[in-house]
Amino acid sequence: MEEALGTLGIDPLKLGAQIINFTILVFLINQFALKPILKLLKERQETLIKTEKLSQELEELKEKTLKEKAEVLKKAEIDAAFIINEAKKEAEKIKKELIEKTERELLLKEQEFTTHLHEKKQQMIEELNLKLAEIISLAVEKTLNSKPELNEKVIAYYLTKIK
Numbered sequence: 007m008e009e010a011l012g013t014l015g016i017d018p019l020k021l022g023a024q025i026i027n028f029t030i031l032v033f034l035i036n037q038f039a040l041k042p043i044l045k046l047l048k049e050r051q052e053t054l055i056k057t058e059k060l061s062q063e064l065e066e067l068k069e070k071t072l073k074e075k076a077e078v079l080k081k082a083e084i085d086a087a088f089i090i091n092e093a094k095k096e097a098e099k100i101k102k103e104l105i106e107k108t109e110r111e112l113l114l115k116e117q118e119f120t121t122h123l124h125e126k127k128q129q130m131i132e133e134l135n136l137k138l139a140e141i142i143s144l145a146v147e148k149t150l151n152s153k154p155e156l157n158e159k160v161i162a163y164y165l166t167k168i169k
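Here the sequence shown is numbered in the numbering used here, starting from 7 and rising by one per residue.
This is the structure:
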């Protein structure tokens with residue numbers, strides 16, 4: 007075999023040294039270059055996986071937060087509508103109570119005014135009756151100047167007619 011290698015121009019001793027050098031070089035490259043590079047690549051891959059997982063978790067958290075926000079807003083909208091509705095009912099109730107109170111007060115004032123007018127009317131009628139009695143008395147006295155007892159009968163008669 008040495009002859010075959012020799013005819014090809016290959017020195018077996020140099021070939022063995024080159025194989026040993028190549029093996030040492032492969033070992034050194036593997037030990038000091040390839041392993042750290044593979045370790046670095048593995049770390050980067052793990053970091054990327056962690057980052058992707060974290061990104062996914064953040065996206066899920068974002069979606070969950072958006073759903074919760076939508077639910078809170080919807081609940082707040084429902085609560086606001088309920089509060090507005092209750093406020094409208096309360097305002098309507100207060101309005102109704104105020105109207106009823108005002109109507110009662112107006113009715114009371116109307117009754118007081120009517121009573122007052124009735125009293126004034128009665129007072130005026132009494133005053134007019136007295137004046138009328140005086141006028142009738144004077145008229146009868148002038149007409150029937152001679153008989154005073156007849157005067158009283160005529161006055162009484164006309165007063166009963168007036169009432």
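We put the CB at the ideal spot given by N, CA and C, even for glycine.
Predicted model, so just to flag it, every value in this text is computed and none were measured.
T13 and I43 have their C-alpha atoms spaced approximately 42 Å apart. The C-beta separation of I168 from L138 comes to about 6 Å, placing the pair in contact by the 8 Å criterion.
Unbroken beta strand (DSSP E) runs of no fewer than 3 residues, entirely contained in the segment 35–93, are not found. In this structure, I142 and I161 form a Cβ contact; the two beta carbons are roughly 6 Å apart against a cut-off of 8 Å. For E92, same chain residues with a beta-carbon under 8 Å away, outside a window of 5 residues either side, do not exist. The alpha-carbon separation between I100 and L67 amounts to approximately 48 Å.
DSSP, reduced to helix, strand and coil, places I161 within a helical segment of the structure shown.
In the displayed model, L14 falls within coil according to three-state DSSP, outside both helix and strand.
A direct Cα-Cα distance of roughly 15 Å separates F28 from P18.
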